[in-house]
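2 protein chains.
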Amino acid sequence: MTNNEIEKKLALKNVKPTAMRTLVYKTLVNSGKALSLADLEMQFEKVERSTIYRALKSFEENFMVHPVDDGTGAVKYAVCDDDCTCNIHDLHVHFYCTRCGRTRCMKELPIPEMKLPAGYTYDKAQFIIQGVCPRCD
Amino acid sequence: MTNNEIEKKLALKNVKPTAMRTLVYKTLVNSGKALSLADLEMQFEKVERSTIYRALKSFEENFMVHPVDDGTGAVKYAVCDDDCTCNIHDLHVHFYCTRCGRTRCMKELPIPEMKLPAGYTYDKAQFIIQGVCPRCD
DNA sequence: TTAAACTTTGCAACAGTGTTGCACAAACTT
DNA sequence: AAGTTTGTGCAACACTGTTGCAAAGTTTAA
Chain G
105 MTNNEIEKKL ALKNVKPTAM RTLVYKTLVN SGKALSLADL EMQFEKVERS TIYRALKSFE
165 ENFMVHPVDD GTGAVKYAVC DDDCTCNIHD LHVHFYCTRC GRTRCMKELP IPEMKLPAGY
225 TYDKAQFIIQ GVCPRCD
Chain E
105 MTNNEIEKKL ALKNVKPTAM RTLVYKTLVN SGKALSLADL EMQFEKVERS TIYRALKSFE
165 ENFMVHPVDD GTGAVKYAVC DDDCTCNIHD LHVHFYCTRC GRTRCMKELP IPEMKLPAGY
225 TYDKAQFIIQ GVCPRCD
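Residue numbers (my numbering), protein chains in the order written: chain G, 105 to 241; chain E, 105 to 241.
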């Protein structure tokens, strides 16, 4: 994705496309996997943790990325589809490979809607499958 | 559960039933929900964080408790069924109530086995549903 | 029963994650 | 161009998870 396309996308989602935000979003999109704050921090030494942190937060608020907690201790972020509103119907399974440590979206596997016992409401869900991915097998 | 029963259970699982371990396990069993290290720490001021930590670790290694990461930042622990070996077939959904903060096992809802794309292996999974529980509704 | 060997506990320390207040810089308004 | 708003960098902090070490407790075996 080019800078230009990214800037357009940010604007579309009502996030002012500053240099930092464009950089962070671009890195996320192009990585093809979920990245943590620390992952991003390493990728460009120059940028402050808090700046990246706040960029991620505003992406999250505007349904541009969703958090994935794969159990490694740090929350990772993955880019959403264009029309995502992060509600029940947009949720999908995430896969965490214990060999390479990559975490990725499995958009082809929507999270099944479970029938909860009476009295429970269903708001959101996280479904992480842990195993080994084809590259590592 | 009485101390005696707990000590028997620990012994059965090859964990030497010391006073501390008995106390920690008892608290977990009787709470009826998943507890974090911090939760346990607060429950008995006298006991060292590291002692509880190590107790939990040995329970985990011996399939007496399983970790639940409900996204609140601290891993919680819930007691396993007696015959649990923490493999795919023992996995169940966990429910996290955003009002009261309780996290509990939904043993009645086993995690559905998903058909992964070719090349992926399925090792473990976490499936957390977030919503409001009957007590809080 | 006593000494040696092993296990558990408490203490202290440390790295990593997430988060915030504040001041300066940059961008936008009028 | 001056004033207002927004974004960034810095520093600090709390909390989580984890470990090394020494003291206390328990088990083993002579």
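Ideal placement from N, C-alpha and C gives every residue a C-beta, glycine not left out.
Cβ-based neighbour list, residue i, same chain, cut-off 6 Å, excluding 5 preceding and 5 following
i	result
G/K130	I110
E/M105	V133
E/P214	H196
E/V183	L132, V133, V169
G/K117	N166, M168
G/D194	C188
Assigned secondary structure, residue i (DSSP; H/G/I helix, E/B strand, else coil)
i	result
E/L213	strand
G/Y200	strand
E/T176	coil
G/T126	helix
G/P238	helix
G/R206	coil
G/K113	helix
Min CB distance residue i to chain E below 9 Å
i	result
G/Q234	yes
G/V169	no
G/A142	no
G/G138	Rather than Gly, the amino acid found at residue 138 of chain G in this sequence is Ala. No, its Cβ sits nowhere closer than 9 Å to a Cβ of chain E.
G/C190	no
G/L213	yes
G/T202	yes
G/G205	no
G/L160	no
G/D329	Residue 329 of chain G lies beyond the residue range present for chain G, which begins at 105 and ends at 241; the question has no answer from this structure.
G/P216	yes
Minimum Cβ-Cβ distance from residue i to chain G less than 9 Å
i	result
E/Q230	yes
E/E163	According to the sequence provided, residue 163 of chain E is Phe. The question's Glu does not apply to it. Answer no: the Cβ-Cβ gap between E/F163 and chain G never drops below 9 Å.
E/Y226	yes
E/G223	yes
E/M210	yes
E/C184	no
E/L220	yes
E/D241	yes
E/F199	yes
E/P238	yes
Candidates the options: closest to residue i by CA position
i	options	result
G/F163	G/M105, G/G235, G/V133	G/V133
E/E165	E/V151, E/A142, E/M218, E/N191	E/N191
E/G252	E/K113, E/K117, E/R206	One cannot answer for residue 252 of chain E here, as it falls past the ends of chain E, which runs 105 to 241.
E/V169	E/G177, E/T176, E/L160	E/L160
G/K150	G/A138, G/H193, G/M124	G/M124
G/I233	E/F148, E/G235, E/E217	E/E217
E/T202	G/T202, G/C188, G/A229	G/A229
G/K211	G/Q147, G/G223, G/D186, G/A222	G/D186
E/A222	G/G223, G/A222, G/Y224, G/G235	G/G235
G/Y200	G/N107, G/E152, G/L139, G/T122	G/L139
For residue i, the first and last residue of its enclosing beta strand (DSSP E)
i	result
E/K120	No beta strand (DSSP E) contains E/K120, which DSSP labels as neither H nor E.
Residue interval of the alpha helix (DSSP H) (run including residue i)
i	result
G/L144	141 to 147
G/L160	153 to 165
Close-in-space but distant-in-sequence residues of the same chain around residue i (CB under 7 Å, 5 per side omitted)
i	result
E/T156	In the sequence as displayed, the identity of residue 156 of chain E is Ile instead of Thr. These residues qualify, in order along the chain: V128, L141, L144, E145.
E/K113	none
G/D173	V179, Q230
G/C209	A182, H196, H198
8 Å CB neighbourhood of residue i in its chain, flanking five on each side removed
i	result
E/C204	C237, R239, C240
G/L220	Y226
E/K120	L114
G/N108	none
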